[in-house]
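Each remark here refers to the structure printed beneath this line.
Protein chains in written order, with this note's numbering: chain A, 1 to 143; chain B, 1001 to 1396.
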């Protein structure tokens, strides 16, 4: 059943993909197999494999406990938020929150997780920004 | 003999102070990355990419650093497999099966030494294989036109379907998703924007490096979170290291396993998409099939740790063959290395051997040197730190 749901999802995705390819405006000088046809070819295989998955799914996989699923979703959310907040609040703060949270979830105690977050964010910032001169996102406070 | 001359030139590149230091650092970091559960070779390489950019390393130097990490991680993965029954990275999974029982039997020291030797054997032979095979492959590949390249990639995708999963439709699906992601952005041939929905950021496409690092690193974190509690159950308090230097008889016993493991590992490494995990898997299952006469496998058989370790290290070297010669990555980590080369404006593939011989042969020579460093690090290192191990028990 899990595979079937996934198959339906990828089927919908490939329909969206075909639509996206359909609205591509080709230039006049295109070959026969131009920027529009290639996505069509890819989506043909995408649709075929999705259908295969719906018709012949694997046996049911072992799902992690509900708590674990929530944890994984939370981690994914933290990573997305990290990407969103990085340019706004700067590298040090966002890295501190993200890495503290992830080290906590990977099994560290709360205090050591925060310490790890602090060390990771500050050291990387100093090392990359000040020593190696790489550009990292800065927030309103300049770090 | 042309190959030999080129290899000598490679050693000249690899033995400059800068490159040798980088190889040394790479080996040490790689072993550490490999030994830490949740940090595999792909992540280890990915973590160091920004560093090699900011240090302004040349293509040859950064490849030496990153490939040393790759080789080092293959050595390091076995340590936590044997001592804690937690694979340090995915290819070391099979080493748990006989490695941890050996620890339980009080033979952890022997297991570590034997796998260290097996890793060296596998990696060394694979690097020799790389020297012999890659230039020949290049000669053929130089004759390739668009038609042959198309056929080659069709073959790469087909072998991917054969080895990557039990359910081929999932492999096809994953490949198509990848091809789909690659079509985002302005088409190189015609300059037509595709799938970008007028979003300026998408015109550039989605960088290969970003996709590959994101998919590998993030999924490894998720897998680790999923398994953290299981690992706690597996922990046992006391680890008896036992003898560190194995008896000569034991070493001789594993020699045939080393050859078998290395050969199978190298072959599966050369195949696109399979990589080191398949190498150790094939080596272990084959070894079990022919050597398990008195049902000792899974209970701490030396051959059961030697074969998969030789296999995964040989596969790591094998995976570099198609990556360097054809520009087709043989595994996840080589895909990251490939992305790195492309970001450095070096095009992998047959022309690489002509245009950047310093990169190719410097890299290969560095792998030889790295292997010897890793052997010393992992075996003589064993003697030094293992004697101190009992004090660390509580922390483990």
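Note that beta-carbon positions come from the ideal geometry of N, C-alpha and C, so glycine has one too.
Within the segment 71-133 of chain A, the runs of alpha helix (DSSP H) at least 4 residues long that lie entirely inside it are, in chain order, 91-105 and 110-125.
For the segment 1157-1202 of chain B, the full-length alpha helix (DSSP H) segments reaching 4 residues or more read 1168-1182 along the chain. The beta carbon of residue 1148 of chain B sits no closer than 8 angstroms to any beta carbon of chain A.
At a beta-carbon threshold of 8 angstroms, the residues of chain B lying near residue 128 of chain A are 1050 and 1054, ordered along the chain.
Identification of chain B residues near residue 79 of chain A by a Cβ-Cβ cut-off of 8 angstroms yields 1218, ordered along the chain. Among the residues of chain A, those whose CB is under 8 angstroms from the CB of residue 1225 of chain B are 68, 71, 72, 75, 105 and 106, following chain order. Residues of chain B whose Cβ lies closer than 9 angstroms to the Cβ of residue 102 of chain A are, in chain order, 1221 and 1225. Note on geometry: alpha-carbon atoms of residue 1258 of chain B and residue 1076 of chain B lie some 18 angstroms from one another.
When Cβ pairs closer than 8 angstroms are counted between the two stretches, the segment 117-125 of chain A is seen to touch the segment 83-96 of chain A, the count reaching three or more. Here the alpha carbons of residue 1133 of chain B and residue 1288 of chain B stand approximately 29 angstroms from one another.
Following the DSSP letters along the chain, one finds residue 1255 of chain B inside the alpha helix (DSSP H) bounded by residues 1248-1270. Bounds of any alpha helix (DSSP H) do not take in residue 57 of chain A, whose DSSP letter is neither H nor E. With contacts defined as CB atoms closer than 8 angstroms, residue 1364 of chain B and residue 1127 of chain B qualify as a contacting pair. Residues of the segment 1324-1335 of chain B that bring their beta carbon within less than 8 angstroms of a beta carbon in chain A are absent altogether. With its beta carbon at least 8 angstroms from every one in chain A, residue 1305 of chain B lies outside the interface. Using a CB distance cut-off of 8 angstroms, residue 1296 of chain B does not count as an interface residue toward chain A. Note on the segment 1315-1340 of chain B: whole alpha helix (DSSP H) runs with a minimum of 4 residues are 1320-1326, in chain order. Counting C-beta pairs closer than 8 angstroms gives fewer than three between the segment 1029-1049 of chain B and the segment 124-143 of chain A, which falls short of the contact rule. Counting along the chain, the unbroken alpha helix (DSSP H) around residue 4 of chain A starts and ends at 2-22. Taking C-beta atoms as the reference points, residue 1114 of chain B and residue 1254 of chain B count as a pair closer than 8 angstroms. Your pair residue 1105 of chain B and residue 1061 of chain B does not check out as a contact, with CB atoms roughly 44 angstroms apart and the cut at 8 angstroms.
DSSP places residue 1374 of chain B in the uninterrupted alpha helix (DSSP H) bounded by 1357-1375.
In chain A, no part has a C-beta under 7 angstroms from the C-beta of residue 1204 of chain B; the shortest such distance is about 16 angstroms.
In this structure the segment 1323-1341 of chain B does not lie against the segment 1118-1126 of chain B, because fewer than three pairs of beta carbons, one per stretch, are closer than 8 angstroms. In the DSSP assignment, residue 1031 of chain B falls within the alpha helix (DSSP H) that extends over 1017-1035.
Residue environment for residue 1347 of chain B: exposed (fewer than 16 other C-beta atoms within 10 angstroms of its C-beta). Restricting attention to B:1371, B:1355, B:1190 and B:1309, the CA atom closest to the CA of residue 1089 of chain B is found in B:1309.
Straight across, the Cα-Cα distance linking residue 39 of chain A with residue 54 of chain A is about 22 angstroms.
At a cut-off of 8 angstroms, the C-beta of residue 122 of chain A has no neighbouring C-beta in chain B.
For the options B:1285, B:1222, B:1250 and B:1324, the alpha carbon positioned closest to that of residue 1270 of chain B is the one of B:1324.
Cβ contact annotation for residue 1313 of chain B (same chain, cutoff 6 angstroms, sequence separation greater than five): 1074, 1119, 1122 and 1123, in chain order. Between residue 1326 of chain B and residue 1349 of chain B, the CB-CB gap stays under 8 angstroms. One alpha carbon belongs to residue 1185 of chain B, the other to residue 1192 of chain B, and they sit about 8 angstroms apart. Within the segment 34-53 of chain A, the residues whose Cβ lies closer than 7 angstroms to some Cβ of chain B are 34, 35, 38, 39, 42, 45, 46, 49, 50, 52 and 53, listed in chain order. In the three-state reduction of the DSSP assignment, residue 1351 of chain B falls in the helix class. Closest option to residue 107 of chain A, judged by alpha-carbon separation, among B:1318, B:1360, B:1227 and B:1049: B:1227.
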